[in-house]
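Numbering (the numbering used here), first residue to last: 804 to 1142.
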């Protein structure tokens, strides 16, 4: 397999010439889209039986969570040699080093038996470094903030018995858990990515994700396992754009317009409220998740990776309880399957 690291394709000096230039970001992005369009046929040939590298690049330029992310992608594309093979390598570098790891780490594990202890970080739970006591404290804080109901569809937790009769009568039962928006593995103190500085560097440039502590209420939501699955597979996301004056109000949207669990249609409004010193979910983290969801849907990656995972599960590649040490293994398997 070809080297898929960006540092073998372009120089920092060349990148900086564009990134730090006085050129307007929208103009820089527009020119980069022209370059991507120029090499569309080559990107399409490289995408046979895989997701669309053309749509991936256009999506990264359109859907980055902040303007500097769009500028980063455009500057990389402008700073590499202007030929088909190089543009394909750039797209594949982002696939291998950012999108696939993100999909692996966010994808919910398949539990053998569900229990409420402890808070886990989906497929990356095996590399979690947060203290168990701290996790349990965070779990309780987030559950309290959400009123012990799913933040999205307001279902009550069927494993919790102390709801008022009025709540039990007016809400549906479901299995619920507290899940993280951004994988805790992206904490700079995590050992999971000690050899993946490139992944963290790409995330920092495209999303603005910094060195902040991720094991906080700003990075956690109480929801049903159905929503955990949809969000973890990037089949749904939180869209704050309809409410610019209400920073904690969102429309939860299905990427493929499928009906969402426990609500009448393919979208529903969700509002978060702080509770004492328990902070609401970070708008920045939700915007980053939404950016990934939009790009992965646009290029067909979510569907393709689902197929890879389903094939692995059918062939008993995955352990029944989510297993330990599977995150990096799955990354390598997915990269192989998608290459």
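Using N, Cα and C, we set each Cβ at its ideal position, and we do this for glycine too.
Since we're looking at a predicted model, the values are computed, not measured.
Exercise. Does the Cβ-Cβ distance between residue 1065 and residue 949 come in under 8 Å?
Worked result: Using a Cβ distance threshold of 8 Å, residue 1065 and residue 949 do not count as a contacting pair.
Problem set entry | 3-residue-minimum beta strand (DSSP E) runs that sit fully inside the region 959–1010, ordered along the chain | Note on the region 959–1010: whole beta strand (DSSP E) runs with a minimum of 3 residues are 979–983, in chain order.
Exercise. Leaving out the 5 sequence neighbours to the left and right, which residues in its chain are closer than 7 Å to residue 961 when beta-carbon positions are compared?
Worked result: Listed in chain order, the non-local C-beta contacts of residue 961 below 7 Å within the same chain comprise 976, 977, 978, local neighbours out to five positions each way being set aside.
Problem set entry | Within 8 Å, strictly: CB atoms of residue 859 and residue 896 | Contact: no.
Exercise. Of the residues 943, 1104, 1013, which one's Cα is nearest the Cα of residue 1082?
Worked result: By alpha-carbon distance to residue 1082, the top candidate from 943, 1104, 1013 is 943.
For this session: Pull up the distance between the alpha-carbon of residue 1056 and that of residue 1040, whole angstroms please.
Result: Cα to Cα, residue 1056 sits roughly 6 Å from residue 1040.
Problem set entry | Cut-off 8 Å between Cβ atoms - residues of its own chain near residue 849, not counting five sequence neighbours on either side | So the list reads 856, 891, 894, 895, once near-sequence residues are dropped.
For this session: For residue 1013, count neighbouring Cβ atoms within 10 angstroms of its own Cβ and tell me buried if that reaches 16, exposed if not.
Result: Label assigned to residue 1013: exposed.
Exercise. Between residue 1090 and the rest of its own chain, which residues show a CB-CB distance below 6 Å, the 5 nearest in sequence each way excluded?
Worked result: Only 868 meet the Cβ criterion.
Problem set entry | Alpha-carbon spacing of residue 884 relative to residue 1042, whole angstroms | Roughly 36 Å between the two C-alpha positions.
Exercise. If you drop the 5 nearest sequence neighbours on each side, which residues of the same chain put their C-beta closer than 7 Å to that of residue 937?
Worked result: Listed in chain order, the non-local C-beta contacts of residue 937 below 7 Å within the same chain comprise 1018, local neighbours out to five positions each way being set aside.
Exercise. Do residue 982 and residue 1024 have their C-beta atoms within less than 8 Å of each other?
Worked result: For residue 982 and residue 1024, yes; Cβs fall inside 8 Å.
For this session: Classify residue 967 as buried or exposed, calling it buried when 16 or more other Cβ atoms lie within 10 Å of its own Cβ.
Result: Exposed: under 16 other Cβ atoms inside 10 Å.
Exercise. Using the C-alpha atoms, what's the distance from residue 888 back to residue 1046?
Worked result: Going from the Cα of residue 1046 to the Cα of residue 888 covers about 42 Å.
Exercise. Which whole-angstrom value is the C-beta distance of residue 1009 and residue 863, which I expect to be below 8 Å?
Worked result: Their Cβ separation, rounded to whole angstroms, is 7 Å, which keeps residue 1009 and residue 863 in contact under 8 Å.
Problem set entry | residue 924 versus residue 907: straight-line alpha-carbon distance, rounded | For residue 924, the pLDDT reaches just 44, beneath the cut-off of 50, and the residue's location in the model is therefore unreliable, leaving the point undetermined.
Exercise. Which whole-angstrom value is the C-beta distance of residue 831 and residue 874, which I expect to be below 8 Å?
Worked result: The Cβ separation is near 6 Å, so the contact holds.
Exercise. Who are the near neighbours of residue 821 in its chain, counting only those whose CB is closer than 8 Å to its CB and skipping five residues on each side?
Worked result: Scanning its chain for C-beta atoms nearer than 8 Å, with the 5 sequence neighbours on each side dropped, one finds around residue 821 the residues 831, 877, 878, 881, 882, in chain order.
Exercise. In this structure, does DSSP put residue 1083 in helix, strand or coil?
Worked result: Coil, per DSSP.
Problem set entry | Closest Cα partner of residue 956 within the set 939, 902, 900, 1026 | Ranking the options by Cα distance to residue 956, first place goes to 1026.
Exercise. Between residue 1100 and residue 1071, is the Cβ-Cβ spacing less than 8 Å?
Worked result: Note that the C-beta distance between residue 1100 and residue 1071 is not below 8 Å.
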